[in-house]
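For reference, the structure discussed in these notes is given below.
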Amino acid sequence: MTLQTSHILRDYMRPETLPTTWCAGCGLGIIMRSIVEAIHYQGLKKDDVAMVSGIGCTGRMSGYTDFNSIHTTHGRAPAFATGLKLARPDMQVITIMGDGDAMSIGGNHLISAMRRNMDITAIVVNNSIYGLTGGQSSPTTPMDSRTTTARHRTFERPMNLEVLARAGGAPFFARATVNHTASLTKLIERALNISGFALVEIISNCHVLYGKMNEQPVASGMIANMDKETMRSNPLLKKRASYPVRETATGKTYLRDSNSDAAQSSVAADTKDRGVIFENKGSVGFSRRYFSMLENIRAQKEHAGRPDD
Amino acid sequence: MAEFEVMYGNQAIAEGAIAAGCRFYAGYPITPSTEIAEILSDRLPEVGGVFVQMEDEIASMAAIIGASLGGLKSATATSGPGFSLMQENLGYAVGSEVPCVVINVQRVGPSTGLPTKAAQGDVMQARWGTHGDHPIIALSPGSVQDCFDLTVKAFNFAEKYRTPVIFLADALVSALQEKISVPHSSELDIYARPKPTESPEDYKAFAFTKGGVAPLATFGEGYRYHVTGLSHDEKGYPTEDSALVAQWWEHMHSKIEDNLDDILLYEEKQLDDAEIALIAYGGTSMAADHAVAIARQQGIKLGLLKLQTIWPFPEKRVKKLTENVNCIVVPELNFGQVRSEVERLSAGQAAVVGVNKADGNQITPAEILAEVTAQLRNTP
């Protein structure tokens, strides 16, 4: 990745840490740019942003971006972020994890942070493989894939993060791909404004490992196939794909079916941003609740301290 | 003025933490440490602090590191099974030099063991539990007073040397009730975390100074730096440069080894004329103390070295003791974890024997005295 790609990016990078360890054509560069753009467009100061990452290719992102950054242990980013957010409730805390990081080793932390409605913008980069260790099966590897730990093809079912997000009680879940960079940035911007746990799953490509073992060895081809990939791991999108298609000026748009999962959820997705699967508008995050409790305790104490009352 | 209060050990640890300035606690319930969490869930919000119950001990350890980087003095409390789960992020805190206090109220292990019974079986785990060679500080309270005083010390050491400090309590002291002296806040020596004075551009969060540490900047205050569990340079960026890694190791070891006078805490009782000595720590030191009193009545020249700092081990003091007495008896609720250290330092100078059990019962003064008199009979 070169610094010429975006003038915005340059102001948010740590040049001494570059080049990245990522392979040419990896979607992580696109994702890093989108995160930085979202922060920039939201007018957040670098000092007020913390990026907390896990382990793996995705985990390296926190080192490259010029925020307050923690490159934590494998899967634990939500737990580190919980401590940091409660110590510095004024900060915008973003976690960035891979699919193995978030859904396998860190599954418990992810679920608990959702249940707690901790104020974290959680970005999960899903490339369906363990990249840094060399192409082993991950919790989102599609069935019947080849990996370095499944030479005879995978037979485990991939995890669907959307279902986990609903069960965990996350107030916001969006799914995007590195093939749709403009909407990716917008989705992250929206997630940054959620009070509570906002989860964004980004489908990315590992053409070097997953692709080479599964007949998709070229980054561009793999990225072009992403809509299909997204549907494969997302039953909702699959269902939506079967709905009547309407032609618009900007291209094809899927019409919403009133019986769809999204319409049936407590608060239907805002159809303006494609990719928002569900959003609960009344969400109040953990830290806001906690510190209003502290305010109440302080007020009660002052009240009790006054002799005339 | 200090006030006298009756407290039990876990309560004194919780109050000591508040007095030391602890304002963040993350934990997971586990016997026999749970009261610490229960008390702090009440006390921390009262002083404007944060209490959060996490999903497990792995997350608890992670959360206190995150909070410490956010500028709060942080702690967690657990027992053996939870302490095992904490080893991963304990190593992270060591390597990334993040201050925090990890309280382990020891119970009988391995695994679930005897949840309500005291043991001292985690001494070596406190030293070597997380992977990789690394320095560590571990303190062990031998009374309810120690629970308060040493908890304050633990926070001070954590902040001063930017390291996790392990507080090795046991179910003997944690449930014991005693009258203790609670110092007024003005009488307490509290180490406040220093702020960096240099500009953010010049700031090196992980400076490889010899015998000291760089001030740890709080996240969000203009010093944007990188924290990682990877081997890193002085700015915190990952490195595989072996020369830098070697410098890092020197810094890590020297920040503890160059400050032993400050870190090593122990109490001596009747050692001046002792011919035979006890080395004890934690709850067992109470029985040892009693044994010395009885022995002296019987005319036996017995003394006690009570260790409060277990790691780093007070090597010089123990070595000197092995030169001055004929025999050292080490009572402990394990099968000789501290005794092996004493044997190593004695190197044949003095006989070293243990009084050991790990069956859930405590060691009595009579059992210690029986071993002492047996050793006296063996001495020519």
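Residue numbers (my numbering), protein chains in the order written: chain A, 1 to 309; chain B, 310 to 689.
Yeah, the Cβ is synthetic: ideal placement off N, Cα and C, and Gly gets one too.
All of these numbers come straight from a predicted model, not from anything done at the bench.
Exposure label - residue i; buried when at least 16 CB within 10 Å
{"i": "Q607(B)", "result": "exposed"}
{"i": "H440(B)", "result": "exposed"}
{"i": "T425(B)", "result": "exposed"}
{"i": "A552(B)", "result": "exposed"}
{"i": "A323(B)", "result": "buried"}
{"i": "T149(A)", "result": "exposed"}
{"i": "D270(A)", "result": "Low per-residue confidence applies at D270(A): pLDDT is 43, beneath 50, and the placement is therefore not dependable enough to give any value."}
{"i": "K382(B)", "result": "buried"}
{"i": "R436(B)", "result": "buried"}
{"i": "F622(B)", "result": "buried"}
{"i": "A224(A)", "result": "exposed"}
{"i": "S62(A)", "result": "buried"}
{"i": "I8(A)", "result": "exposed"}
{"i": "L3(A)", "result": "The predicted model places L3(A) with a pLDDT of 45, which falls under 50 and marks its position as unreliable; any figure quoted below should be read in that light. Classification for L3(A): exposed."}
Residue i versus the options, residue with shortest Cα-Cα distance
{"i": "A328(B)", "options": "E507(B), E344(B) and L349(B)", "result": "L349(B)"}
{"i": "L164(A)", "options": "T148(A), S104(A), M91(A) and I223(A)", "result": "S104(A)"}
{"i": "G27(A)", "options": "F172(A), N160(A) and G98(A)", "result": "G98(A)"}
{"i": "D498(B)", "options": "K469(B), A514(B) and Q486(B)", "result": "K469(B)"}
{"i": "I572(B)", "options": "K629(B), G657(B) and F464(B)", "result": "F464(B)"}
{"i": "A311(B)", "options": "V407(B), F333(B) and Q454(B)", "result": "Q454(B)"}
{"i": "V461(B)", "options": "Q434(B), E676(B), M433(B) and H493(B)", "result": "H493(B)"}
{"i": "F476(B)", "options": "D598(B), A516(B), Q429(B) and S495(B)", "result": "Q429(B)"}
{"i": "A514(B)", "options": "E406(B), V681(B), Q646(B) and G358(B)", "result": "E406(B)"}
{"i": "E496(B)", "options": "A335(B), D458(B), T340(B) and E576(B)", "result": "D458(B)"}
{"i": "R14(A)", "options": "D66(A), A113(A), I111(A) and F197(A)", "result": "D66(A)"}
{"i": "T421(B)", "options": "I339(B), V356(B) and G657(B)", "result": "I339(B)"}
{"i": "K212(A)", "options": "Y64(A), R288(A), I129(A) and T121(A)", "result": "I129(A)"}
{"i": "Q415(B)", "options": "E680(B), L613(B), Q684(B) and A667(B)", "result": "A667(B)"}
{"i": "K45(A)", "options": "G59(A), N205(A), N68(A) and E201(A)", "result": "N68(A)"}
{"i": "A167(A)", "options": "G59(A), M114(A) and E37(A)", "result": "M114(A)"}
Under 9 Å from the C-beta of residue i: neighbouring residues of chain B
{"i": "N108(A)", "result": "E364, D365, I367 and A368"}
{"i": "D119(A)", "result": "Within chain B, no residue comes near D119(A); the closest Cβ sits about 13 Å away, beyond 9 Å."}
Partners in chain B for residue i, counting only beta-carbon separations shorter than 8 Å
{"i": "Y130(A)", "result": "Correct list: empty, because the minimum Cβ distance to chain B is about 18 Å."}
{"i": "I297(A)", "result": "P354 and E355"}
{"i": "G63(A)", "result": "H535, T537, Y546 and P547"}
Cβ-Cβ separation, residue j to residue i (assumed contact under 8 Å), whole Å
{"i": "S700(B)", "j": "M595(B)", "result": "Residue 700(B) lies beyond the stretch modelled for chain B, which goes from 310 to 689, so this question has no answer here."}
{"i": "G391(B)", "j": "Y337(B)", "result": "6 Å"}
{"i": "I445(B)", "j": "Y401(B)", "result": "Going by Cβ atoms, the distance from I445(B) to Y401(B) rounds to 13 Å, so no, they are not a contact pair."}
{"i": "L378(B)", "j": "V536(B)", "result": "6 Å"}
{"i": "G25(A)", "j": "D101(A)", "result": "At roughly 21 Å, the Cβ-Cβ gap does not stay under 8 Å, so G25(A) and D101(A) are not in contact."}
{"i": "Y590(B)", "j": "L630(B)", "result": "Not confirmed; about 14 Å, so no contact."}
{"i": "G529(B)", "j": "D11(A)", "result": "At roughly 19 Å, the Cβ-Cβ gap does not stay under 8 Å, so G529(B) and D11(A) are not in contact."}
{"i": "M363(B)", "j": "M395(B)", "result": "Their Cβ separation, rounded to whole angstroms, is 11 Å, which puts M363(B) and M395(B) out of contact at 8 Å."}
{"i": "N126(A)", "j": "T140(A)", "result": "5 Å"}
{"i": "H109(A)", "j": "A376(B)", "result": "Rounded, the Cβ-Cβ distance is 15 Å, inconsistent with contact."}
{"i": "L161(A)", "j": "A176(A)", "result": "Wrong, their Cβ atoms sit about 12 Å apart, outside the cutoff."}
Run of the beta strand (DSSP E) containing residue i, from where it starts to where it stops
{"i": "K488(B)", "result": "Q486 to V491"}
{"i": "R10(A)", "result": "Note, R10(A): premise wrong, no beta strand (DSSP E); alpha helix (DSSP H) at H7 to D11."}
{"i": "H599(B)", "result": "From DSSP, H599(B) is part of no beta strand (DSSP E) but of the alpha helix (DSSP H) over T593 to Q606."}
{"i": "H71(A)", "result": "N68 to H71"}
{"i": "S383(B)", "result": "K382 to T387"}
{"i": "M97(A)", "result": "Q92 to G98"}
{"i": "Y334(B)", "result": "C331 to G336"}
{"i": "V639(B)", "result": "C636 to E641"}
{"i": "Q415(B)", "result": "C409 to V417"}
{"i": "K615(B)", "result": "L611 to L616"}
{"i": "F172(A)", "result": "F172 to T177"}
{"i": "A191(A)", "result": "Unbroken run through A191(A) is the alpha helix (DSSP H), T181 to L192; no beta strand (DSSP E)."}
Contacts that residue i makes with chain A (C-beta to C-beta distance below 7 Å)
{"i": "R533(B)", "result": "K46, D47, D66, F67 and N68"}
{"i": "G357(B)", "result": "L294"}
{"i": "I373(B)", "result": "G83"}
Segment limits, alpha helix (DSSP H) that includes residue i
{"i": "R116(A)", "result": "G107 to R116"}
{"i": "D571(B)", "result": "L569 to I572"}
{"i": "K631(B)", "result": "The identity of residue 631(B) in the sequence shown is Thr, whereas the question assumes Lys. First-last of the alpha helix (DSSP H) with T631(B): E624 to N633."}
{"i": "W22(A)", "result": "No alpha helix (DSSP H) holds W22(A); DSSP gives it neither H nor E."}
{"i": "I677(B)", "result": "P674 to N687"}
{"i": "D455(B)", "result": "V453 to Y470"}
{"i": "N280(A)", "result": "It is not in any alpha helix (DSSP H) - N280(A) carries neither H nor E in the DSSP assignment."}
{"i": "V522(B)", "result": "Here V522(B) belongs to no alpha helix (DSSP H), and DSSP marks it neither H nor E."}
{"i": "Y290(A)", "result": "F286 to G305"}
The ligand MN heavy atom lying under 7 Å from the CB of residue i
{"i": "M561(B)", "result": "Absence of the ligand MN is noted for the structure shown, with no ligands found whatsoever."}
Chain A residues whose Cβ lies nearer than 9 Å to that of residue i
{"i": "F517(B)", "result": "Within chain A, no residue comes near F517(B); the closest Cβ sits about 17 Å away, beyond 9 Å."}
Contacts that residue i makes with chain A (C-beta to C-beta distance below 8 Å)
{"i": "A376(B)", "result": "G83, L84, L86 and A87"}
{"i": "F333(B)", "result": "G83, L86 and A87"}
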